Amino acid sequence: MLLPLLTAATLLLRPSLAVFADEAWSVDYHFALLGEPRESTTFFHQPNPALKASLIYTLSEEGALGAVNPRDGSLVWRQPLQENSYSHNASFLRTGEGRDVVVSGIGNEIASWSADNGRLVWNVRTEGELRDVEILELSNGKETAGAKDAVALSAGPRPAVRRIDGATGAVKWEHMLDGSDEPYQVSASSTHIYAILLHKTMLGYLKLRVVSLDPVTGTKMDEYTLSSENELATADTIVSVGANSASPIIAWTDAAHSTLKVNVIGTKSIASFNIEKHGEETVERVRLHAPYHVNSLSHFLVHYETATSHWAEVYHIDAKNGKVAKAYSLPKLPGKGAFSTSTSDANVYFTRITRDELSTLSSASHGVLGRWPIGPLGVAGGVGEVIEPVHAVSEVSVKGDAVSAIRTVFLLSTGDWVLLRGGNAIWNRPEMLASTIAATFAAPAKIEALAEQLQAEAHSNPVSAYAHRLTRHLSELQRLPAFLVTLPQTLVKGLLGTSEDDVASDSFGFHQIITCATRSGRVLALDAGKPDRVLWNRQVADLKPDQSWQPRLSSPKPGVVTISSNAATGIQYNITDGEQIITTLPEDVEADAAAPRAVQYTMTNGALEAKVDSNTAWHFAPAQGEYIHSLIPRPVNDPVASIGKVLGDRRVLYKYLDPNLALLVTVKNSSSIASFYVLNTVSGAIIHTNTHTGIDITAPIASIVSENWFAYTFTVEAADDSPKGNHLVMGELFESLVPNDRGPLTGKSNYSSLETGTEPFTLTHTYQIPETISKLSVTRTRQGITSRQLLAVLPDSHALVGIPYPMLDPRRPVARDPTKEEQMEGLVRYSPVLDFDPKWYLSHQREVVGIKDVVTNPALIESTSLVFAYGLDVFGTKLSPSFSFDILGKDFNKLQMLATVAALAVLTFVVAPLVTRKQVDQRWKFM
Amino acid sequence: MKSLISLLCATLASAASLSITILPSMHLSNPASLPPSTHAVLTGAPGVRYDTPIRRDNSFKFPDIAGEASYLLTIHSRDHFFPPLRVDVTKAADGTYAETISAWQTFRGNEWSNKGSPYGTANNGVLAIQIQAASQKEFYQTRGGFDILGFLKSPMILMGLVSVVFIFGLPYIMDNMDPDTKQEFEEMQKKSPLTGSQGAANQMQNFDIASWLAGKK
Numbered sequence: 001m002l003l004p005l006l007t008a009a010t011l012l013l014r015p016s017l018a019v020f021a022d023e024a025w026s027v028d029y030h031f032a033l034l035g036e037p038r039e040s041t042t043f044f045h046q047p048n049p050a051l052k053a054s055l056i057y058t059l060s061e062e063g064a065l066g067a068v069n070p071r072d073g074s075l076v077w078r079q080p081l082q083e084n085s086y087s088h089n090a091s092f093l094r095t096g097e098g099r100d101v102v103v104s105g106i107g108n109e110i111a112s113w114s115a116d117n118g119r120l121v122w123n124v125r126t127e128g129e130l131r132d133v134e135i136l137e138l139s140n141g142k143e144t145a146g147a148k149d150a151v152a153l154s155a156g157p158r159p160a161v162r163r164i165d166g167a168t169g170a171v172k173w174e175h176m177l178d179g180s181d182e183p184y185q186v187s188a189s190s191t192h193i194y195a196i197l198l199h200k201t202m203l204g205y206l207k208l209r210v211v212s213l214d215p216v217t218g219t220k221m222d223e224y225t226l227s228s229e230n231e232l233a234t235a236d237t238i239v240s241v242g243a244n245s246a247s248p249i250i251a252w253t254d255a256a257h258s259t260l261k262v263n264v265i266g267t268k269s270i271a272s273f274n275i276e277k278h279g280e281e282t283v284e285r286v287r288l289h290a291p292y293h294v295n296s297l298s299h300f301l302v303h304y305e306t307a308t309s310h311w312a313e314v315y316h317i318d319a320k321n322g323k324v325a326k327a328y329s330l331p332k333l334p335g336k337g338a339f340s341t342s343t344s345d346a347n348v349y350f351t352r353i354t355r356d357e358l359s360t361l362s363s364a365s366h367g368v369l370g371r372w373p374i375g376p377l378g379v380a381g382g383v384g385e386v387i388e389p390v391h392a393v394s395e396v397s398v399k400g401d402a403v404s405a406i407r408t409v410f411l412l413s414t415g416d417w418v419l420l421r422g423g424n425a426i427w428n429r430p431e432m433l434a435s436t437i438a439a440t441f442a443a444p445a446k447i448e449a450l451a452e453q454l455q456a457e458a459h460s461n462p463v464s465a466y467a468h469r470l471t472r473h474l475s476e477l478q479r480l481p482a483f484l485v486t487l488p489q490t491l492v493k494g495l496l497g498t499s500e501d502d503v504a505s506d507s508f509g510f511h512q513i514i515t516c517a518t519r520s521g522r523v524l525a526l527d528a529g530k531p532d533r534v535l536w537n538r539q540v541a542d543l544k545p546d547q548s549w550q551p552r553l554s555s556p557k558p559g560v561v562t563i564s565s566n567a568a569t570g571i572q573y574n575i576t577d578g579e580q581i582i583t584t585l586p587e588d589v590e591a592d593a594a595a596p597r598a599v600q601y602t603m604t605n606g607a608l609e610a611k612v613d614s615n616t617a618w619h620f621a622p623a624q625g626e627y628i629h630s631l632i633p634r635p636v637n638d639p640v641a642s643i644g645k646v647l648g649d650r651r652v653l654y655k656y657l658d659p660n661l662a663l664l665v666t667v668k669n670s671s672s673i674a675s676f677y678v679l680n681t682v683s684g685a686i687i688h689t690n691t692h693t694g695i696d697i698t699a700p701i702a703s704i705v706s707e708n709w710f711a712y713t714f715t716v717e718a719a720d721d722s723p724k725g726n727h728l729v730m731g732e733l734f735e736s737l738v739p740n741d742r743g744p745l746t747g748k749s750n751y752s753s754l755e756t757g758t759e760p761f762t763l764t765h766t767y768q769i770p771e772t773i774s775k776l777s778v779t780r781t782r783q784g785i786t787s788r789q790l791l792a793v794l795p796d797s798h799a800l801v802g803i804p805y806p807m808l809d810p811r812r813p814v815a816r817d818p819t820k821e822e823q824m825e826g827l828v829r830y831s832p833v834l835d836f837d838p839k840w841y842l843s844h845q846r847e848v849v850g851i852k853d854v855v856t857n858p859a860l861i862e863s864t865s866l867v868f869a870y871g872l873d874v875f876g877t878k879l880s881p882s883f884s885f886d887i888l889g890k891d892f893n894k895l896q897m898l899a900t901v902a903a904l905a906v907l908t909f910v911v912a913p914l915v916t917r918k919q920v921d922q923r924w925k926f927m
Numbered sequence: 001m002k003s004l005i006s007l008l009c010a011t012l013a014s015a016a017s018l019s020i021t022i023l024p025s026m027h028l029s030n031p032a033s034l035p036p037s038t039h040a041v042l043t044g045a046p047g048v049r050y051d052t053p054i055r056r057d058n059s060f061k062f063p064d065i066a067g068e069a070s071y072l073l074t075i076h077s078r079d080h081f082f083p084p085l086r087v088d089v090t091k092a093a094d095g096t097y098a099e100t101i102s103a104w105q106t107f108r109g110n111e112w113s114n115k116g117s118p119y120g121t122a123n124n125g126v127l128a129i130q131i132q133a134a135s136q137k138e139f140y141q142t143r144g145g146f147d148i149l150g151f152l153k154s155p156m157i158l159m160g161l162v163s164v165v166f167i168f169g170l171p172y173i174m175d176n177m178d179p180d181t182k183q184e185f186e187e188m189q190k191k192s193p194l195t196g197s198q199g200a201a202n203q204m205q206n207f208d209i210a211s212w213l214a215g216k217k
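Top to bottom, those sequences are chains A and B.
For the first sequence, the UniProt record's numbering begins at 1 and goes up steadily by one.
For the second sequence, the UniProt record's numbering begins at 1 and goes up steadily by one.
What follows is the structure, encoded as structure tokens:
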């Protein structure tokens with residue numbers, strides 16, 4: 001009896017160490033995202049001028065630069081330029097026509113990237129923050145062979161314009177801009193470079209100062225100020241400053257959007273146009289779309305937007321005298337629209353995208369060259385939400401007088417990035433997921449229903465339980481015919497391994513719904529078992545552009561997700577369709593009143609303060625000069641199956657299991673010291689403390705508490721006895737280090753941490769790890785029987801690793817080989833270096849970039865934990881830390897099993913006559 | 001050209017520069033195949049960290065490493081491991097602006113002073129070193145699938161098969177033997193030390209444990 005139990009136990013203890021080749025790429029899913037693209041930094045470009053194929057380049061809101069294949073929407077390459085920081089910083093992405101590089105500018109770094117593979121060509125840091133980057137397209141024909149030079153405008157205490165060599169990144173010349181004027185943009189025509197600065201007048205209005213420079217030497221040629229009168233109060237109403245066109249323009253409006261002023265840079269005349277009011281509504285936004293090539297016609301389109309409609313006007317610039325004149329206007333249409341500009345030789349085409357139609361016009365005349373109704377986009381929105389286009393870029397090829405092919409990639413108000421070929425959606429990328437700031441798992445309502453019914457039967461008296469069961473079975477019987485009809489199909493599919501189980505028929509709990517809240521105030525849902533599409537996506541919080549929110553997601557019961565933030569208390573949403581659940585009274589008011597948290601602690605003035613019914617229970621203040629870096633409590637739902645650890649000789653070490661453990665990290669900035677405290681959050685007792693010196697406080701310090709152990713990582717400077725690098729400390733708490741002894745708790749079934757001060761015994765081990773860990777998490781299973789895996793985010797390797805617990809066990813014997821008993825337990829000799837085996841990489845060959853957090857949730861079956869990591873990328877997988885002992889995995893070959901059964905059946909049929917003959921013969925012999 | 005750069009460095013700022021080129025090796029025959037996410041990190045004193053992506057010419061460049069310090073250089077790539085290096089930037093002894101920059105291999109889990117083989121030293125503050133991939137990352141575990149040949153080759157199965165042949169095959173052979181050979185064979189079996197009436201096996205079988213325990217000879 002004992003033997004099978006022991007084998008089962010060892011099987012459970014033995015961790016699954018690897019990602020299996022047949023499960024990789026199919027069990028896990030990954031969205032390699034860029035973030036919502038910006039209009040000014042998105043374009044089609046041919047990375048190799050010899051080949052006609054073009055890629056879509058973008059530098060997104062998240063500061064990620066990348067190239068996307070327009071054929072299938074796959075990512076070709078990507079460079080996160082601004083890691084884990086989101087700001088409204090201006091960013092620039094430019095390329096020269098027929099060049100094999102793209103030039104990016106963000107923060108104070110300008111970099112040139114190989115367009116086809118994303119490798120760095122050169123990078124330059126400027127002293128101040130970048131205000132603009134342009135590519136110099138000189139028309140003198142001398143500099144067409146090599147790379148094109150870039151011009152950068154930087155702000156800061158010493159604003160300057162620099163010309164940067166396109167091949168090497170060397171600064172060819174720099175021109176310091178004098179005065180206190182704010183640098184705004186740089187614009188290049190074929191003969192001049194113009195720096196546009198904002199000059200603040202005495203009255204607080206802005207005037208535009210234009211400094212023109214010689215492109216070859218960088219010397220100042222001219223300087224003048226445009227009389228913008230009192231129209232410009234802020235820089236926000238400057239519509240556009242064009243560059244790289246035959247006649248670059250600068251356009252602005254007054255605050256009320258009643259007049260549009262246009263100046264062709266280099267001239268001093270300002271053309272003024274009245275913005276016609278279409279109806280009652282005020283114009284909310286004016287945008288300008290102009291071609292970006294020196295050789296193109298100087299035509300541009302002005303796009304007006306009100307709350308409910310939009311229209312546009314096309315203007316022409318006379319190249320000879322610089323006169324701006326209106327050519328034609330496009331009709332007003334309801335809803336939002338987007339315009340894109342494309343060029344072909346000198347011709348300029350404008351493409352208009354509305355809610356339901358795509359049309360292309362030539363800039364020269366108002367005749368429509370092509371018109372396509374937009375087909376279904378395959379994008380999920382909220383209930384009753386109208387999905388609007390936000391901005392677009394197009395690639396148009398024109399034959400004669402008609403558009404032969406058009407590809408448009410545009411951003412929708414939902415955050416999806418969609419490519420249209422003609423009017424048909426080819427792919428969409430859920431780029432809004434890149435700004436996920438909170439996520440949670442929630443079980444669909446249907447799955448838990450059965451569990452609830454079973455629970456009801458278990459907790460009622462036998463007679464009513466029997467009646468309940470009978471009625472349940474009778475109601476299930478009604479579904480029998482439908483089930484029988486689908487049975488053959490299910491069997492065949494199951495046999496071939498092609499069964500596509502959905503949320504409704506999910507008996508393992510893999511199809512949980514993940515809800516993600518994004519920075520822009522949207523909440524969307526994914527099915528963890530079938531994550532290829534977004535289930536729903538709705539605007540939950542109305543945020544202004546500069547507002548941010550801190551959403552907290554939780555699932556109080558199956559089928560429901562609660563979203564709360566600092567501003568609002570929880571609002572419940574239906575998990576399957578995102579519909580708000582309207583309840584007159586919060587349902588769990590009574591539950592709240594019945595079970596108040598005895599001790600509540602909050603952070604006030606940089607110290608922790610705990611209260612019991614408004615009386616201070618305890619107080620934790622960090623030492624002088626220190627501040628609290630992080631506080632990680634033990635997860636609320638952290639089931640533990642066994643209260644002890646079984647040793648090799650069958651004795652038991654009792655775990656110190658306290659639900660109120662928390663790991664507090666304080667750091668001292670001045671002397672790079674970090675202290676780690678394990679606290680009991682009820683009594684305020686410090687259970688374990690450790691202080692490390694020489695710590696890099698700017699590097700991430702990750703920490704976690706689960707079960708009876710804690711772990712934390714940090715980056716440390718070289719000391720006499722330890723090298724520079726990253727460390728992981730693992731600590732485990734025991735009631736006593738003597739086996740079969742519970743110390744002071746012997747014989748007690750209940751205890752209060754307020755009354756009995758039980759000090760646990762702590763074992764720790766420090767491991768040197770090869771790289772920084774930015775976030776720690778742990779797998780969770782339903783009963784806590786399965787062994788745990790520590791999940792670590794490696795920001796440098798762009799990976800997520802699952803470290804098996806035995807590798808980290810603080811009981812690994814030091815400086816000796818493990819004894820036989822220890823070997824039976826699975827302990828190996830301690831070694832200070834812990835290398836991450838590539839087989840532990842849950843993300844294997846996928847590059848998971850910018851992960852900020854990892855959430856885990858148990859599946860319905862004990863062996864499996866669901867993992868979901870978010871940040872810039874979204875990655876998820878199913879993990880069985882002790883192998884899939886309760887489910888037939890991919891290694892189970894159904895066909896082989898059937899073949900064996902068939903072979904046995906055939907054998908039986910063949911052998912049966914022989915046996916009967918033999919039996920008959922025997923009867924004849926003996927009788 | 002190189003002297004010009006060093007002159008420039010010496011005059012403009014007292015910053016050292018380091019460039020690392022990846023050479024083809026056994027594990028990585030074509031460095032151009034490295035993904036663009038490959039990057040090098042130079043970790044200095046707390047708070048000092050330089051991070052640079054791979055360039056078009058399979059190199060990493062740290063153009064201005066400020067300050068004299070001891071740095072840890074790690075290279076991260078999707079498919080390959082690279083050895084960690086220690087890079088020291090020290091002030092020149094003769095008081096010039098140029099700094100001495102040197103690189104060695106370093107070992108995790110050893111003292112920081114334990115330096116491995118040197119990768120190069122430059123007195124003018126400009127060091128160019130070459131590095132090779134240490135090994136390839138093997139991400140996938142293949143499952144031990146069912147292999148009929150391997151199954152048959154296993155010693156247990158072989159032993160079983162041999163005994164099956166003996167059990168079923170021998171009586172058949174015996175039956176088909178002509179009477180003379182059969183007699184001869186039986187004679188031989190009787191005489192053989194193992195199976196004959198005085199054979200070891202027979203004695204073993206007829207061993208009377210009770211009498212032996214009772215001390216009977």
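Glycine is no exception: its CB is placed at the ideal position from the N, C-alpha and C atoms.
Here the structure is a predicted model, which is why all the values come from computation and not from measurement.
Residue i vs residue j beta-carbon contact at 8 angstroms
{"i": "Tyr830(A)", "j": "Leu733(A)", "result": "no"}
{"i": "Leu59(B)", "j": "Ser25(B)", "result": "Residue 59(B) is actually Ser in this sequence, not Leu. No, they are not a contact pair."}
{"i": "Val379(A)", "j": "Val418(A)", "result": "yes"}
{"i": "Ile704(A)", "j": "Ser787(A)", "result": "no"}
Residue(s) in a DSSP beta bridge with residue i
{"i": "Asp51(B)", "result": "Val41(B)"}
{"i": "His391(A)", "result": "Leu411(A)"}
{"i": "Phe710(A)", "result": "Val705(A) and Gly731(A)"}
Per-residue DSSP class, three states only, for residue i
{"i": "Ala434(A)", "result": "helix"}
{"i": "Glu143(A)", "result": "Caution is warranted here: a pLDDT of 47 is assigned to Glu143(A), below 50, making its placement in the model unreliable, and no coordinate value can be reported."}
{"i": "His473(A)", "result": "helix"}
{"i": "Gly423(A)", "result": "coil"}
{"i": "Ala439(A)", "result": "strand"}
{"i": "Tyr601(A)", "result": "strand"}
{"i": "Trp104(B)", "result": "strand"}
{"i": "Ile209(B)", "result": "helix"}
Which residues, in order along the stretch 45 to 67 of chain B, keep a beta-carbon less than 8 angstroms from a beta-carbon of chain A?
Ala45, Pro46, Gly47, Arg49, Thr52, Pro53, Ile54, Arg55 and Arg56
Does the stretch 95 to 110 of chain B come close enough to the stretch 38 to 54 of chain B to have 3 or more Cβ pairs within less than 8 angstroms?
no
The stretch 686 to 716 of chain A: which residues have C-beta closer than 9 angstroms to a C-beta of chain B, in chain order?
Gly694, Ile695, Asp696, Ile697, Thr698, Ala699, Thr715 and Val716
Between the stretch 775 to 809 of chain A and chain B, which residues of the former have CB atoms less than 9 angstroms from a CB of the latter, in chain order?
Leu794, Asp796, Ser797, His798 and Ala799
Quick check: the stretch 292 to 303 of chain A against the stretch 313 to 321 of chain A, are there 3 or more CB pairs under 8 angstroms?
yes
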